[in-house]
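Chains as they are written, first to last, in the working numbering: chain A, 1 to 457; chain B, 1 to 302. The beta carbon of each residue, even a glycine, is placed where N, CA and C say it ideally should be. One structure is given here, and the rest of the page talks about it.
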Amino acid sequence: MLTKKFGSLLLVLALILVAAAPVLAQGEEIRLTMTCRCVAGGVNNNLVVWLNTYVFPTFQEKMAAEGKNVVVELVEFGGGDEQLKEQYALDLGVGAGHDLFAFDGFWVPEFVEAGLLKPLDEIAGEAVTSWEGWEHITPGIQSILGYQGKLYGIASGTDVRQIFYRTDVFEQAGIEMPWQPTSWAELLDTARALKEAGVEIPLQVNAGTAMGEATTMQGWFMVLLGAGEHMYDFEDGKWIVSSPAILNALNFYKTVYLDEGLGDARMQLVADGRDRSFQAFAEGRVGMLVEGDWFWRSAILNFLDVPTRNQVVGWAKMPAMEPGKGYRGQDFVTISGGTGWVLNPNTEHPLEAWELLAHMSSLDAQRAWELIQPRINFRDDVPVGGDPVMSAMADALLPLTTVRPMLPAYPQISYEAQLMTERVVSGEMTPEEAMAAYAEAVTELVGEENVKSIPLQ
Amino acid sequence: MEQQRGVFSSRVGLAFLTPALFFVVVFLLFPFVWIFYLSFTNQTLTGASALSPSFVGLENYARLFDFDRWARAGEFGSALWITIQFVLGSALLGQAVVGLTIAWAFYRRKGLLREIVFTLAVLAWIIPDVVVAFAWSAFLDYEQGTLNAILGALGLGRPDWLFRYPLISIILFNTWRGSAFSILLFSSALETIPPSYVETADVVGASAWQKFRDILFPLLRGHILTDLILITLWTFNVFTPYLLTGGGPTFKTEVVSIYIYRTAFKFFEFGKGGAIAVVVMLINLTLAMGYLAMLRRQKASA
């Protein structure tokens with residue numbers, strides 16, 4: 001408020017002193033800061049490039065045209081997603097933090113319940129509701145950063161998950177391509193063939209607590225959905241804590257990591273395992289890696305250039321245990337998450353912060369983004385930019401996808417699922433014991449009335 | 001006994017004490033009381049119980065001592081047991097023994113070797129945690145680590161230190177990290193022993209071990225106790241292993257300080273974290289009181 005008054009006062013002064021330097025007319029400098037898990041030359045490098053070379057200059061120009069002197073600064077965060085979340089919770093908990101920050105959709109419920117986030121329209125008012133962009137974002141995509149009918153940010157896109165494989169490694173092992181397994185048995189047979197051919201790590205499926213949500217999304221869900229089940233039964237609103245499908249999924253992990261040594265369990269248990277898995281894949285030491293499309297469009301590009309990537313990386317859909325035995329009777333399974341940007345309720349410049357978010361999410365800015373990183377865009381008027389592989393993944397997998405339940409308890413239950421896989425992969429517990437411990441922990445978290453068990457035959 | 005009178009009246013003394021007391025209350029007593037209060041609630045930083053926490057009585061404590069599962073990886077009992085091994089290994093067996101050995105080895109000796117050893121030990125002690133942890137990660141790394149490069153070149157194999165022997169690795173790390181304090185404390189304590197004691201023993205032809213056992217050790221006993229009190233408490237609360245292992249793999253290096261951190265700042269469960277902190281505080285107090293009692297008894301008998 002004060003800033004605005006002071007700004008208009010200066011404007012008036014400038015009008016009176018017509019001859020005064022135009023600098024005066026720009027008013028007081030407004031500083032906005034934003035942050036994401038992104039580092040120039042490191043993780044999510046292309047996001048930094050887009051922000052610095054397109055978004056910030058065009059936004060500052062736009063603001064200057066409105067007579068505002070706005071400076072935007074990107075504060076890079078090089079740690080992991082879990083640490084970023086920790087930083088946000090602590091910042092917001094004491095009423096501080098950057099004006100705008102990159103946010104994972106599944107964090108929204110617990111942050112909202114704690115009063116750490118506020119709806120966009122409550123922060124920036126009329127400007128939000130009258131934004132032209134909303135009609136180009138489907139309600140499903142809008143709800144990625146929504147909770148109980150309110151929107152807390154704008155999604156930057158959604159994603160899908162699949163198996164990535166090294167075409168050169170497959171060729172050497174004499175495996176026919178294009179390759180598409182239709183059951184776990186076929187998937188495991190391919191892994192065995194790769195092992196036979198001397199591939200160090202034939203198949204890597206994420207497990208363990210060290211990888212955080214990457215374990216739940218790229219690992220546990222992909223296997224569990226293939227076994228025919230979701231973690232949460234959306235129909236009766238209960239968490240499934242014990243079932244034949246959970247046991248089958250855990251036994252799949254046991255086969256891969258313990259019984260046959262098709263995957264590298266160590267990589268799932270050490271602190272920086274996910275980065276190591278990317279590097280091992282880039283070095284051709286991993287045959288197959290279950291990952292999200294972020295791996296294709298961003299992570300792998302820290303190791304390989306685009307032409308090399310297109311040459312040596314193939315992809316296949318994750319098969320169900322047996323054809324037709326997947327979640328909802330599907331033959332293949334995948335799951336989508338979504339990230340985006342939220343406004344900090346504590347921002348001193350809510351209008352300008354919203355303007356920046358709206359500018360980033362505009363048609364022009366998103367077209368520019370697709371040229372830098374082709375991906376599944378959140379705007380229905382922006383197609384995937386010139387990457388046929390990315391388009392093919394989206395077309396094949398989006399119809400099959402499902403999502404996580406948007407509930408405040410989800411992150412804790414997700415952690416328990418990670419722990420369950422860790423206990424099996426490390427050999428600490430049998431699948432039966434790990435499932436029993438999971439059931440006990442989840443029941444304690446959400447209460448007897450919110451869980452259910454499906455009897456084992 | 002006649003009461004001793006200082007230069008100032010007690011009222012003036014109190015006035016001088018006030019600023020210090022103020023800081024003690026604000027930064028020590030208040031957080032303690034606050035944590036104690038939190039430990040009886042289900043206060044969190046995220047989720048509904050962040051805004052409306054409720055009083056849960058002893059539930060957080062009961063959960064800590066749920067003996068059905070407390071020995072499981074990642075639970076309180078397991079963290080406590082790991083901490084005990086870590087303290088015994090790196091503080092008592094590690095730092096104190098290494099400190100005493102080095103101090104004794106250089107007793108009444110001067111020269112370049114002594115300077116080098118002492119300088120290196122002090123350097124290991126004063127370099128910032130993050131730098132040290134980074135250096136040790138590079139040293140112990142399975143694939144590209146310096147240690148394995150050396151061992152491999154000598155044909156001694158390439159053990160996977162942080163994965164197969166995580167607890168031993170952090171014990172070695174912490175011994176290396178903290179021995180300087182014990183070395184310095186013991187060598188200055190040795191300086192206070194009159195040379196004539198040892199010279200007399202030399203005359204009667206005592207061996208080095210006899211001199212240590214019968215002359216130096218008894219005279220050092222008080223210093224050893226002081227050293228043990230301090231390094232036990234420090235090691236009990238040390239957090240640096242987190243920078244090396246993150247508490248893993250599979251919680252094998254999760255000492256209680258990391259367990260508290262994970263509960264309070266990764267899961268944002270302030271209530272539960274508070275309960276663990278209170279229990280750890282009580283353990284620390286018990287340790288300190290036990291040591292102090294020993295120290296007092298020793299002084300009385302001296």
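If you check each beta-carbon in the stretch 156–170 of chain B against every beta-carbon of chain A, the ones closer than 8 Å belong to 160, 162 and 163. Residue environment analysis places residue 381 of chain A among the exposed positions, since fewer than 16 neighbouring C-beta atoms fall within 10 angstroms of its C-beta.
Residue nearest to residue 170 of chain B within the set B/43, B/49, B/240 and B/121 is B/240 (criterion: CA-CA distance). Listed along chain B, the residues sitting closer than 9 Å to residue 116 of chain A by beta-carbon distance are 45, 46 and 50. Taken in chain order, the complete alpha helix (DSSP H) segments of 4 or more residues contained in the stretch 165–213 of chain A are 167–172 and 184–196. In the displayed model, residue 380 of chain A falls within coil according to three-state DSSP, outside both helix and strand. Closest option to residue 301 of chain A, judged by alpha-carbon separation, among A/421, A/278 and A/291: A/278. Taking all protein chains in view, the Cβ of residue 252 of chain B is crowded by 16 or more other Cβ atoms within 10 Å, so the residue is classified as buried. Residue 289 of chain B sits exposed, since fewer than 16 C-beta atoms from the chains shown fall within 10 Å of its C-beta.
Contact holds between the stretch 182–201 of chain A and the stretch 311–326 of chain A, because three or more Cβ pairs, one in each stretch, are under 8 Å apart. Residue environment for residue 326 of chain A: buried (at least 16 other C-beta atoms within 10 angstroms of its C-beta). Under the 10 Å beta carbon count, residue 344 of chain A is surrounded by 16 or more other beta carbons and is classified as buried. For residue 362 of chain A, the closest alpha carbon among the candidates A/88, A/135, A/287 and A/66 is that of A/135. Between the stretch 189–206 of chain A and the stretch 256–268 of chain A, the count of C-beta pairs closer than 8 Å reaches three or more; the two stretches touch. Looking at the DSSP output, residue 225 of chain A shares a beta bridge with no other residue. Chain A places a beta carbon closer than 8 Å to that of residue 246 of chain B, counting this residue as a contact.
Under the DSSP assignment, residue 168 of chain B falls outside any beta strand (DSSP E), being part of the alpha helix (DSSP H) whose first and last residues are 166–191. Annotated three-state conformation of residue 69 of chain A is strand, per DSSP.
Judged by beta-carbon spacing, residue 161 of chain A lies within the 8 Å limit of residue 222 of chain A, meaning their Cβ atoms are closer than that value. DSSP, reduced to helix, strand and coil, places residue 362 of chain A outside both helices and strands of the structure shown, so it counts as coil.
The beta carbon of residue 210 of chain A falls within 8 Å of a beta carbon belonging to chain B, placing the residue at that interface. Residue burial annotation: residue 116 of chain B is exposed, with fewer than 16 other C-beta atoms found within 10 angstroms of its C-beta.
Following the DSSP letters along the chain, one finds residue 406 of chain A in no beta strand (DSSP E), marked with neither H nor E. For residue 37 of chain A, no Cβ of chain B is located within less than 8 Å of the residue's own Cβ. Where residue 240 of chain A is concerned, there is no enclosing alpha helix (DSSP H), although the beta strand (DSSP E) around it starts and stops at 238–242.
Taking all protein chains in view, the Cβ of residue 86 of chain B is crowded by 16 or more other Cβ atoms within 10 Å, so the residue is classified as buried.
By the CB criterion at 8 Å, residue 175 of chain B and residue 95 of chain B fall inside the cutoff.
For the pair residue 383 of chain A and residue 127 of chain A, the Cα-to-Cα distance works out to about 26 Å. Take residue 357 of chain A, set aside five residues on each side of it, and the residues of its chain with a beta-carbon closer than 7 Å to its own are 100, 154, 341 and 343, in chain order.
As DSSP reads the structure, residue 154 of chain A sits in a beta bridge with A/341. From the listed residues B/177, B/53 and B/113, the smallest Cα separation to residue 123 of chain B is found for B/177.
The Cβ of residue 270 of chain A sits closer than 8 Å to at least one Cβ of chain B.
When the alpha-carbon of residue 125 of chain A is set against those of A/352, A/219 and A/167, the nearest one is in A/352. Residue pairing of residue 451 of chain A in beta bridges, as defined by DSSP: A/239. Residue state for residue 227 of chain B is assigned as helix, using DSSP reduced to three classes.
Here residue 275 of chain B is near residue 61 of chain B, since their CB atoms are less than 8 Å apart.
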